[in-house]
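What follows is a short report on a single structure.
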Amino acid sequence: MPRHALEITLTRPANPTELDAACRTMPLAANHDTTRLMALVPAKTPDRAAHRLRRRLKDRLPIDVITTHYPDASGHVLLNVALPRAAHASLHTAALRRGQEPERLLERAIHRALAEHTDQEVKRLEHEVRRLLAHTVPAHLLAAMGRALTQDTQGPTP
71 MPRHALEITL
81 TRPANPTELD
91 AACRTMPLAA
101 NHDTTRLMAL
111 VPAKTPDRAA
121 HRLRRRLKDR
131 LPIDVITTHY
141 PDASGHVLLN
151 VALPRAAHAS
161 LHTAALRRGQ
171 EPERLLERAI
181 HRALAEHTDQ
191 EVKRLEHEVR
201 RLLAHTVPAH
211 LLAAMGRALT
221 QDTQGPTP
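All the letters of the sequence shown, read from the start, carry residue numbers 71 to 228 under my numbering.
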């Protein structure tokens with residue numbers, strides 16, 4: 071049976087007791103601040119793997135979102151979110167009103183939010199570049215950007 075790499079985002083850092091209990095259920099790798107975990111889950115599909123993972127860990131960890139770590143052949147990442155009952159009911163009602171499946175409505179809302187976030191980030195960067203250009207020569211800024219992009223990404227250099 072294939073194993074699927076899944077990333078778990080927690081609503082808060084896991085404390086050592088929670089992490090120990092979860093690791094006894096299945097092997098997990100935690101990031102430095104225990105807000106994100108990785109797991110390899112055996113299942114026929116990524117969707118089944120995410121459901122299995124949530125079912126096994128839901129009472130042990132404050133799980134927010136489970137995603138596939140690698141995109142599928144279409145470039146998509148599976149997003150597994152457990153909505154509160156009220157939010158689920160509201161989503162279902164809105165989807166019925168629009169004649170859509172709840173999953174499709176949520177998918178479109180997420181895509182719109184990501185596009186809006188990307189647009190805001192591009193505008194923020196444009197503003198920063200214009201501010202930098204007001205105080206430097208474009209060629210110097212371009213040279214600095216080239217150096218910054220080709221240097222090791224360990225962090226800023228003095």
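We treat Cβ as the ideally placed atom computed from N, Cα and C, and that holds for glycine. Fair warning: this is a prediction, and the values are worked out from it, not measured in the lab.
Bounding residues of the beta strand (DSSP E) (the contiguous stretch that carries residue 79): 73–80
Classification of residue 218 by the beta-carbon crowding that lies within 10 angstroms, buried from 16 upward: A residue is called buried when at least 16 other Cβ atoms come within 10 angstroms of its Cβ; residue 218 does not meet this threshold and is exposed.
Status (buried if at least 16 other CB within 10 Å, exposed otherwise) for residue 180: Under this definition residue 180 is an exposed residue.
Proximity of residue 122 and residue 92 at Cβ, strictly below 9 Å: Result no, Cβ atoms of residue 122 and residue 92 do not sit closer than 9 Å.
Rounded separation between residue 71 and residue 115 - CA only: 10 Å
For residue 118 and residue 191, the rounded distance between their alpha carbons: 34 Å
Alpha carbon of residue 206 to alpha carbon of residue 187, nearest angstrom: 28 Å
Contacts around residue 135, its chain only, beta-carbon distance under 8 Å, and the 5 residues preceding and following it disregarded: Apart from the 5 residues on each side of it in sequence, residue 135 sits with its Cβ closer than 8 Å to the Cβ of 78, 79, 149, 150 and 151 in its chain, given in chain order.
Alpha carbon of residue 167 to alpha carbon of residue 155, nearest angstrom: 18 Å
Cβ pair residue 132, residue 87 closer than 9 Å: no
Cβ-Cβ distance between residue 107 and residue 100 below 9 Å: Going by beta carbons, residue 107 and residue 100 fall inside the 9 Å limit.
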